[in-house]
Structure formats: structure tokens, C-alpha cells
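Chemist: Numbered per my numbering, the sequence shown spans residues 106 to 333. Just passing along the structure, written as C-alpha cells.
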Amino acid sequence: VSVLITGETGTGKDVIAKFIHASGPRANKPFISINCAAIQNTMLESELFGHEAGAFTSADRKKPGLMEIADDGVLFLNEISSMPVDIQAKLLTAIETHSFRRVGGTALINVDVQVLAASNRNLKEMIRKGDFREDLYYRLKVVDLDMPPLRERKEDIPELVGYFVRENNARQGMNVIEVSPQAMEVMQKYAWPGNIRELSNVIERAMIFCDGMTITLGDLPKDITTID
């Protein structure tokens, strides 16, 4: 079924999407991700559905879209709130009929794709303003998952810190084995406006500045250690 993942930037929505793919029946099939906010509106339709040769000025050859490439697998639409309303309508039709046409094409292409979507914006508010289609919203949120910000799940910080330390040890050949109680206390008091992504960056930075095997208060950035 379709899954809608919501939450602030940096809460791990893309991680959850990859987990859904890896733990589901399509784990051995393609996982195709597209960041709707990173692609020009004029090109987004072509990226999603592909185009035929001659469909527009620069289309010198036929190109399959990401929905076609994701056939039998998972298509992850990150920051779907950035998708223009006219393309939202075409996406809705493609999800409901399991088919679409390439830009400039007439042949109907049938696909079997599980669609996952993520947004850091309030889609219900966008619906009220006419910026997001209500029918697409309900089609996407057959299952809805809301990722809480890190400031609301501070009990997870020690485990997340341990994960990032192990990850950086393996990737950078380091040998950090612990975090001082003072450093951990400060991290659990901080509000983390950048959420898990910010925590990951802070740990990576701290390990670079760490002289020994323990991350201490002095290894953390000042905006974390100077809070009240």
C-alpha cells in the first residue's frame, strides 16, 4: 500500500522509507528515490513518467521515467509537497490505474509500484490553500507515519550517539569508544532544531576534534555547550 511519512527536516523520513523497502516483499526489487524539491517543475513530469523522442526541444531520444524504472519495486517521492498541482493530478491517476503515458507519448505503460511519499510541510494546510490535492493526500496516506522531532524523543539520544560513533569509527578508521557523562548530559538538554541529521553532524565533528577515545564536552560545538 501507499505510505505517507511526515515530520520535520532531519527526522529520518528517508531512512524509514528505505527500511520499509528493505523489510517488505519488494526488498529485492528496485528502490527509486526522487527529491521533488530538487527538480525544476518543468522537468519533474519527464523525470517521473519519462518522455518520447521529440516530446520537447531537448528530447532527442526516448527516456523511461522513474516510475517505469521502479516497476515491481518501490518509488519514494521525497518532499512531495513541492510537486506542482497539475503533476499531482497525473500522479494520482498513475497510482490509481497503475498506468501512465510518457510525455509526448500515446501508449499506456502498466506498472506495479509501491509509492512512498514524504513531506516536512503540513499537507492539510496546503490542501486548505489549494496547493495540494486532497484526493492525492488520501490516496498516499493509506498508511501514515509521523516522525517525531528529536526534542520529543530525547531518550533515544544515547543510542543514536552510539550508532553514529560506531558508523564513523568504521568509515574513518577511528577508535572512539565512549562519550563523557558531561557531554552526554549536554546533548540530552539541547533542543536539536536540525533533528537527527544535526546530531549525526555533531558526532562526526566531535570525533574529528577528539584527541583520545572519549568524546568530551570540549569536543562539542559551542552552540550546544552554552545553552542554559
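No residue lacks a Cβ here, since even glycine has one placed at the ideal position from N, Cα and C. Quick caveat: nothing in here was measured; it's all calculated off a predicted structure.
Give the single residue among V208, L197 and G299 whose Cα lies nearest to the Cα of L169.
Modeler: By one-based count along the sequence shown, residue 169 stands at place 64. Going by the sequence as given, residue 169 is Pro instead of Leu. Per the C-alpha coordinates, the member of V208, L197 and G299 positioned closest to P169 is V208.
Chemist: Going straight from the alpha carbon of M289 to that of Y295, what length do you get?
Modeler: Taking the sequence shown and counting its residues from 1, the one referred to as residue 289 is at position 184. Taking the sequence shown and counting its residues from 1, the one referred to as residue 295 is at position 190. Whole-angstrom Cα-Cα distance: 10 Å.
Chemist: Taking H156 as the reference, which of T211, V281, D316 and G235 has the closest Cα?
Modeler: Within the sequence shown, the letter at position 51 stands for residue 156. Selected option, being the one with the closest Cα: T211.
Chemist: Quick check: the Cα distance between E144 and L153, rounded to an integer number of angstroms?
Modeler: As a working note, residue 144 is residue 39 in the sequence shown. As a working note, residue 153 is residue 48 in the sequence shown. At residue 144 the sequence reads Ile, which differs from the Glu that was named. C-alpha separation (whole angstroms): 11 Å.
Chemist: For N183, which option in N140, A175, A160 and Q193 has the closest C-alpha, if you only look at C-alpha atoms?
Modeler: Walking along the sequence shown from the start, residue 183 turns up at place 78. That would be N140, whose Cα lies nearest to the Cα of N183.
Chemist: At which residues does the beta strand (DSSP E) containing T111 begin and terminate?
Modeler: Within the sequence shown, residue 111 is the residue found at index 6, counting from 1. T111 -> beta strand (DSSP E) spans V108 to G112.
Chemist: Assuming contact is defined by CB atoms lying nearer than 9 Å, are A222 and L245 in contact in what I supplied?
Modeler: As a working note, residue 222 is residue 117 in the sequence shown. As a working note, residue 245 is residue 140 in the sequence shown. Contact: yes.
Chemist: Can you give the beta carbon distance from N225 to E113, rounded, assuming they're within the 8 Å contact cut?
Modeler: The sequence position of residue 225 within the sequence shown is 120, counting from 1. The sequence position of residue 113 within the sequence shown is 8, counting from 1. Indeed they touch by this definition, with Cβ atoms about 6 Å apart.
Chemist: What would DSSP say about E283, mapped onto helix, strand or coil?
Modeler: Against the sequence shown, residue 283 aligns to sequence position 178. E283 falls in the strand class under three-state DSSP.
Chemist: Would you report the Cα separation of A175 and V106, rounded to the nearest angstrom?
Modeler: Looking up residue 175 in the sequence shown gives position 70. Looking up residue 106 in the sequence shown gives position 1. Going by the C-alpha atoms only, they are around 15 Å apart.
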